[in-house]
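When the letters of the sequence shown are read in order and numbered with mature numbering (1 follows the signal peptide of the UniProt record, and there is no 0), they come out as residues -20 to -1, 1 to 226.
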Amino acid sequence: MIKKRILGTAVLFSALLVIAGCTNNSPTSSSSSSDKTSETSEKVDVNKLDLPQLDAKVKDNEDLVELQTDKGNIKIKLFPEIAPKAVENFMTHAKKGYYDGLTFHRVINDFMIQGGDPKGDGTGGESIWGKGFGAEPSNQLYHIRGALAMAQSQQPNSIGSQFYIVQNKDDMSDGLLKDWIPNKIIDAYKKGGYPSLDGSYTVFGQVIEGMDVVDKIAAVKTDSNDKPESPVKIKTIKILQEAKTK
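What follows is the structure, given as structure tokens:
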């Protein structure tokens, strides 16, 4: 049986981006950001949408966590009203200490840092329900720099426990279509991110403090499989605020 590898090889800035692959790192097909986003945004004025990632303030309907690592701490707000399954899964795992002591097993500078796998090799982890669940793409959440998202394999309903934080700093705004992507998000992509992943994966949070720590982790020396040569560990994930339900 072929085990899934949650994050396959990324050919940065020049070819198809994937966050899925088999153990042989074979790429999977993926549509462009504009193609995927159009499915959900073509009938609405995207510039009138609420874009919570762009507001550093933590609102009552958002969760706030502190991801404590041996390289420093990262504060992230989560969006349970937009990505309810991903947030519930992440928050429940965090409360139970599921992520404590795990590593960032896959690190690609100028792309992302990925963790949340108890096996530490990209093939493990499960959801709080004991089975995978599907993506929750939204035209309100994007893979801008600092976005927190759930990793998945090529198979449907394959989200488990693995997550990644987008780290790329390069301007990615060129070629993004204003009819499908909010102007403010296009501006945000000038500061980095990975728009080619939009519409296929679940963004469910945004770093509001500690991007310097994300950059520090992304810069560590890695082997040929993008695994840090010296483990970068998650000490714990501390819950600082839970969203108030309506």
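Backbone N, C-alpha and C fix where the C-beta goes; we use that ideal spot for every residue, glycine too. From a predicted model like this one, the values you see are computed outputs, not experimental measurements.
N-terminal and C-terminal residue of the beta strand (DSSP E) that residue i is part of
i	result
Asp43	Asp43 to Thr49
Tyr144	Phe143 to Val146
Ala127	Ala127 to Met130
For residue i, the first and last residue of its enclosing alpha helix (DSSP H)
i	result
Ala74	Pro64 to Lys75
Lys218	Unbroken run through Lys218 is the beta strand (DSSP E), Ile214 to Gln221; no alpha helix (DSSP H).
Ile56	Note, Ile56: premise wrong, no alpha helix (DSSP H); beta strand (DSSP E) at Gly52 to Leu58.
Val193	Met191 to Ala198
Asn163	Asn163 to Tyr169
CB-CB length for residue i against residue j, believed under 8 Å
i	j	result
Val183	His123	6 Å
Ile62	Leu121	6 Å
Gly105	Asn137	No, Gly105 and Asn137 are not in contact; Cβ-Cβ is about 14 Å, not under 8 Å.
Gln186	Lys57	6 Å
Ala168	Tyr144	Wrong, their Cβ atoms sit about 18 Å apart, outside the cutoff.
Val193	Asn89	Not quite, the Cβ-Cβ distance comes to about 14 Å (not below 8 Å), so this is no contact.
Leu29	Asn119	6 Å
Ala36	Ile219	Contact flag wrong, Cβ pair sits at about 19 Å.
Inter-residue spacing [alpha-carbon to alpha-carbon] between residue i and residue j
i	j	result
Lys149	Gly126	10 Å
Glu209	Ser107	27 Å
Met152	Asp178	12 Å
Lys211	Gln48	A quick correction: the sequence has Pro, not Lys, at residue 211. Each residue's Cα considered, the two are about 14 Å apart.
Asn69	Arg86	21 Å
Asp50	Met191	14 Å
Lys213	Lys75	17 Å
Gly100	Gly81	10 Å
Lys55	Leu44	7 Å
Pro175	Val26	16 Å
Leu(-4)	Pro98	With a pLDDT of only 33 at Leu(-4), under 50, the local geometry of the prediction cannot be trusted, and no value is derived from it.
Lys201	Lys23	45 Å
Ser180	Phe84	22 Å
Leu156	Ile166	7 Å
Asp154	Asn163	12 Å
Val146	Ser204	20 Å
Gly173	Ile197	16 Å
Tyr78	Lys65	17 Å
Ala131	Gly140	8 Å
Lys224	Pro32	16 Å
Phe59	Pro117	12 Å
Ala199	Lys207	12 Å
Residue-chain proximity (residue i, chain D), Cβ-Cβ < 9 Å
i	result
Asp43	Absent from the structure is chain D; it holds one protein chain and no more.
Beta-bridge pairing of residue i - partner residues as DSSP gives them
i	result
Pro208	Thr202
Ile88	Met92
Gly185	Leu58 and Leu128
Thr83	Lys213
Ile139	Phe113
Gly173	Ile124
Pairs of beta-carbons, one from the stretch 28 to 42 and one from the stretch 87 to 101, closer than 8 Å: are there three or more? no
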